[in-house]
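Asker: Take 7 as the starting number for the sequence shown in the numbering used here and just add one per residue.
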Amino acid sequence: MEILRTENLNFIYPDGRQALSDISFSLEEGEMMCVCGPTGSGKSTLLRLLKRELSPRGEKSGDIFISGRKQEELSDFEAATRIGFVFQRPDMQIVTDKVWHELAFGLENIGIKQNEIRRRVCEIAGYFGMESWFDRSTDSLSGGQKQLLNLASVMVMQPDILILDEPVSQLDPITASDFIATLTKLCREFGISIIAAEQRLGELIPVSDRILAIKDGKTVAFGETRDCVRTLIKDEAFAVSMPASVKLYEKIMSASGKENPKETDNASHEEKTIKTDSATLKEEPINTDRATLAEEPVRTGITHSKEDHKGGDIPLSVGEGRRFLKEYLKSPESDPRILSEVSGSEDTRTLHEDDKENAAEKQAVSRVEANKENAAEKQADRDKKDSRRKDIETVLEFKEVYLKYERNGRDILRACGFKVGKGEVFCILGGNGAGKSTAISAAAGLIKPYSGKIRVFGKNIGDYKGQELYNECVAMLPQDVQTVFITDEINGRHPYDLSGGEQQLAALDIVLASKPKLLLLDEPTKGLDAVLGEELKKKLKKLAADGVTIVIVSHDIEFSASIADRCAMLFNGEVVSVGEARDFFKGNYFYTTAYNRIMRGMQAEK
7 MEILRTENLN FIYPDGRQAL SDISFSLEEG EMMCVCGPTG SGKSTLLRLL
57 KRELSPRGEK SGDIFISGRK QEELSDFEAA TRIGFVFQRP DMQIVTDKVW
107 HELAFGLENI GIKQNEIRRR VCEIAGYFGM ESWFDRSTDS LSGGQKQLLN
157 LASVMVMQPD ILILDEPVSQ LDPITASDFI ATLTKLCREF GISIIAAEQR
207 LGELIPVSDR ILAIKDGKTV AFGETRDCVR TLIKDEAFAV SMPASVKLYE
257 KIMSASGKEN PKETDNASHE EKTIKTDSAT LKEEPINTDR ATLAEEPVRT
307 GITHSKEDHK GGDIPLSVGE GRRFLKEYLK SPESDPRILS EVSGSEDTRT
357 LHEDDKENAA EKQAVSRVEA NKENAAEKQA DRDKKDSRRK DIETVLEFKE
407 VYLKYERNGR DILRACGFKV GKGEVFCILG GNGAGKSTAI SAAAGLIKPY
457 SGKIRVFGKN IGDYKGQELY NECVAMLPQD VQTVFITDEI NGRHPYDLSG
507 GEQQLAALDI VLASKPKLLL LDEPTKGLDA VLGEELKKKL KKLAADGVTI
557 VIVSHDIEFS ASIADRCAML FNGEVVSVGE ARDFFKGNYF YTTAYNRIMR
607 GMQAEK
């Protein structure tokens with residue numbers, strides 16, 4: 007049953023900027039839809055329009071239907087309870103001091119009786135596993151706990167539609183995976199329809215039923231997930247954001263000269279068949295004509311098992327990517343040189359069956375032997391790097407640092423110690439609440455440890471007087487970039503009217519204007535699409551080449567792996583591991599790239 011539909015939705019901001027143009031889509035009850043697109047494409051504007059109370063100021067045209075009724079016809083009670091909204095920034099949504107009160111706040115405001123409030127609050131707290139922190143202060147929660155609290159506070163209202171704006175942008179990889187799993191459970195087990203906009207698509211796309219892709223406020227593709235992925239992987243603006251398994255598939259198929267292996271000589275783009283567990287169904291082409299999208303029924307019944315990836319079908323998840331890769335490598339048509347070319351991994355070894363004694367296999371064996379011979383050389387290179395690092399000037403040093411926010415509170419940093427050299431890009435990773443933001447704030451002199459030493463350019467940070475520390479010396483981009491803005495206009499727009507990614511870039515430019523020699527960045531890729539992430543990477547690498555030392559706190563594993571010279575793992579306030587980026591990510595199981603998870607163990611198989 008259709009629960010949500012938009013028809014020719016347009017929106018123009020008061021400054022004349024058109025954010026949306028003829029957006030039309032529909033959503034069935036119990037479906038999950040991923041909204042994706044470049045930074046500033048209109049995703050947040052669309053989501054806010056779907057929640058009447060959050061609609062931005064401006065000129066709107068077109069219609070939004072909720073269960074067949076126009077949005078304007080809903081009563082205030084229906085509008086408040088039927089559609090839930092989880093914001094991108096967890097702190098922005100929390101309004102009370104205690105967890106239990108936050109859960110009860112919405113119910114109190116719509117006049118629910120106390121007995122029912124207690125029942126609903128206890129039920130939702132039990133479902134989300136919040137009993138152990140039910141009485142805690144909301145200020146003491148980690149980022150992941152705050153986001154889970156926001157979700158629970160919305161779900162206690164028992165909505166039919168749940169809307170989320172970049173819900174995992176500030177979550178570590180493990181917490182993000184758990185959060186997406188929770189959303190999937192709510193959708194599958196309770197029939198809640200979910201719409202989520204996100205830049206980190208690796209977790210969301212595999213569990214989504216549908217995709218709505220928008221660029222410059224216009225629909226690029228809408229339909230069943232795999233159909234849209236096949237379309238979007240051909241578009242440069244979207245291809246870079248696709249899951250690693252999709253990009254690997256596309257590279258291998260292109261290198262093999264097979265653009266779409268699903269198509270046979272008797273099948274065409276106009277009509278293909280997909281085998282499902284129940285039947286063989288006809289699949290119509292994706293219709294990207296915005297004028298007719300609203301009139302075209304949403305296709306249902308075409309399902310793909312997340313657990314049983316079929317050979318030749320485009321893989322969406324890491325598990326499907328591994329199965330596709332194994333099938334490809336065991337096929338007679340596989341080329342042993344392709345895998346190393348598309349993966350960029352010097353340690354990758356292709357797989358062949360024992361009875362395939364052909365030239366390709368011999369080339370693969372030769373490559374393995376060459377890699378073994380180069381192992382000693384690689385180790386020697388690492389030793390040289392370590393030797394050179396000893397001669398590099400230490401720009402930032404933590405030595406046995408202990409820090410807490412409350413006199414009787416727990417230590418946020420405990421015996422924390424590490425060194426960062428001049429011109430180095432140093433990434434600090436770890437779970438929500440591990441102390442990453444605290445460490446970087448202490449490095450900026452914003453908070454003081456009660457024990458231990460922090461040295462900046464060899465000088466104790468407490469010895470810097472006045473603004474000396476910030477006079478072309480240290481600058482920090484905080485996690486809440488809105489605190490950086492000191493004017494009401496940036497390029498003709500109020501900074502709060504910019505998208506999350508645009509705010510990130512504008513704030514970074516303000517920070518860099520102080521010409522720092524030590525740049526501290528807290529979640530710099532938050533809200534950025536993959537294209538802008540690449541531009542940010544190039545900018546930071548140039549700064550590092552010019553001698554600027556960069557320390558990054560991030561949950562973006564892919565970005566960190568692509569830019570870091572060294573990485574540190576912070577756990578429970580203590581740096582437990584520091585290493586070269588390649589070795590760091592290669593040895594991790596969870597804190598590693600999606601490519602590495604797909605390729606792991608391939609070289610060991612026979």
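Quick reminder that beta carbons are idealized off the backbone N, C-alpha and C, glycines included.
Predicted model, so just to flag it, every value in this text is computed and none were measured.
Closest by CA to Asp417, which one among Gly423, Phe424, Gln77, Tyr408?
Answerer: Along the sequence shown, read from residue 1 onward, the residue named residue 417 stands at position 411. It is Tyr408 whose Cα lies nearest to the Cα of Asp417.
Asker: Taking the C-alpha atoms as reference points, what is the distance between Glu359 and Ser337?
Answerer: Translated into the one-based positions of the sequence shown, residue 359 becomes position 353. Translated into the one-based positions of the sequence shown, residue 337 becomes position 331. Unreliable placement is indicated for Glu359, whose pLDDT of 34 sits below 50; the coordinate value is still reported in the next sentence. Cα-Cα distance, rounded: 9 angstroms.
Asker: Contact defined as beta carbons within less than 8 angstroms: I believe Glu430 pairs with Asp571. What is the distance between those atoms, to the nearest angstrom?
Answerer: Sequence index remark: in the sequence shown, residue 430 carries index 424 (1-based). Sequence index remark: in the sequence shown, residue 571 carries index 565 (1-based). Sure, about 5 angstroms apart at Cβ, within 8 angstroms.
Asker: How would you call Asn414, buried or exposed, if buried means at least 16 neighbouring beta carbons within 10 angstroms?
Answerer: The sequence position of residue 414 within the sequence shown is 408, counting from 1. By the neighbour-count rule (16 or more Cβ atoms within 10 Å), Asn414 is not buried but exposed.
Asker: By Cβ distance, which residues of its chain are closer than 8 angstroms to Phe596, with the 5 residues on each side in sequence left out?
Answerer: Looking up residue 596 in the sequence shown gives position 590. Only Pro179, Ile180 meet the Cβ criterion.
Asker: Secondary structure at Gly117, three-state DSSP: helix, strand or coil?
Answerer: Within the sequence shown, residue 117 is the residue found at index 111, counting from 1. Coil at Gly117, not helix or strand.
Asker: Compute the distance between the beta-carbons of Thr51 and Glu508, then report whether it is under 8 angstroms.
Answerer: Taking the sequence shown and counting its residues from 1, the one referred to as residue 51 is at position 45. Taking the sequence shown and counting its residues from 1, the one referred to as residue 508 is at position 502. No. Outside cutoff.
Asker: Return the CA-CA distance between Val480 and Glu564, expressed in angstroms with no decimal places.
Answerer: Along the sequence shown, one-based indexing puts residue 480 at 474. Along the sequence shown, one-based indexing puts residue 564 at 558. Computed Cα separation, rounded: 26 angstroms.
Asker: Determine the direct distance from the alpha carbon of Gly436 to that of Ala502, and round the result to whole angstroms.
Answerer: Reading the sequence shown from its first residue, position 496 is the one you call residue 502. Reading the sequence shown from its first residue, position 430 is the one you call residue 436. Just to set this straight, residue 502 is Tyr in the shown sequence, not Ala. Going from the Cα of Tyr502 to the Cα of Gly436 covers about 29 angstroms.
Asker: Exposed or buried, what is Arg329 when buried is set at 16 or more other beta-carbons lying within 10 Å of its beta-carbon?
Answerer: Walking along the sequence shown from the start, residue 329 turns up at place 323. Burial call: buried.
Asker: Three-state secondary structure (DSSP) at Ala570?
Answerer: Translated into positions along the sequence shown, residue 570 becomes position 564. If DSSP states are grouped into helix, strand and coil, Ala570 belongs with coil.
Asker: In this structure, how does DSSP classify Ile258 when only helix, strand and coil are distinguished?
Answerer: Here residue 258 is taken as the residue at index 252 of the sequence shown, counted from 1. Note: Ile258 maps to helix in three-state DSSP.
Asker: Rounding to the nearest angstrom, what Cα-Cα distance links Leu419 and Phe577 in this structure?
Answerer: For the purposes of this step, residue 419 is identified with residue 413 of the sequence shown, where counting begins at 1. For the purposes of this step, residue 577 is identified with residue 571 of the sequence shown, where counting begins at 1. Going by the C-alpha atoms only, they are around 9 angstroms apart.
Asker: Beta strand (DSSP E) containing Val92: first to last residue?
Answerer: The sequence position of residue 92 within the sequence shown is 86, counting from 1. Note, Val92: beta strand (DSSP E), 89 to 92.
Asker: To the nearest angstrom, report how far apart Ala1 and Val92 are at their CA atoms.
Answerer: As displayed, the chain neither begins before 7 nor continues past 612, which places residue 1 out of reach and without an answer.
Asker: Quick test of the definition: if touching needs 3 or more C-beta pairs under 8 angstroms, does the segment 459 to 472 touch the segment 511 to 519?
Answerer: no
Asker: Would Cys573 and Ala551 be called neighbours here (beta carbons separated by less than 8 angstroms)?
Answerer: As a position in the sequence shown, residue 573 is number 567, starting the count at 1. As a position in the sequence shown, residue 551 is number 545, starting the count at 1. In this structure, Ala551 does not lie closer than 8 angstroms to Cys573 by Cβ.
Asker: Mind checking who Lys76 pairs with in its DSSP beta bridge?
Answerer: For the purposes of this step, residue 76 is taken as residue 70 along the sequence shown, with counting starting at 1. DSSP, once it has assigned bridges, lists Phe71 as partnering Lys76.
Asker: Note down, one range per segment and in chain order, each alpha helix (DSSP H) of at least 4 residues found wholly within the segment 21 to 77.
Answerer: 49 to 56
Asker: So Lys64 and Ile18 are supposed to be a Cβ contact under 8 angstroms. How far apart are they, rounded?
Answerer: Locating residue 64 in the sequence shown gives position 58, where the first residue counts as 1. Locating residue 18 in the sequence shown gives position 12, where the first residue counts as 1. The sequence given here has Gly at residue 64, not Lys. The Cβ separation is near 6 angstroms, so the contact holds.
Asker: Just list the alpha helix (DSSP H) runs in the segment 145 to 189, keeping only unbroken ones of 4 residues or longer that don't cross its boundaries, in chain order.
Answerer: 149 to 161
Asker: Assuming contact is defined by CB atoms lying nearer than 8 angstroms, are Leu526 and Ala600 in contact in what I supplied?
Answerer: The residue given as residue 526 occupies position 520 in the sequence shown. The residue given as residue 600 occupies position 594 in the sequence shown. No, Cβ-Cβ distance for Leu526 and Ala600 is not below 8 angstroms.
Asker: Could you work out which residue in Lys410, Asp233, Phe404 is closest to Leu322 when comparing CA atoms only?
Answerer: Locating residue 322 in the sequence shown gives position 316, where the first residue counts as 1. Among Lys410, Asp233, Phe404, the Cα nearest to that of Leu322 belongs to Asp233.
Asker: In whole angstroms, give me the CA-to-CA distance for Gly74 and Leu80.
Answerer: As a working note, residue 74 is residue 68 in the sequence shown. As a working note, residue 80 is residue 74 in the sequence shown. It is roughly 11 angstroms from the alpha-carbon of Gly74 to the alpha-carbon of Leu80.
Asker: For the alpha helix (DSSP H) that Lys442 lies in, which residues bound it at each end?
Answerer: Translated into the one-based positions of the sequence shown, residue 442 becomes position 436. From DSSP, the alpha helix (DSSP H) with Lys442 extends over 442 to 449.
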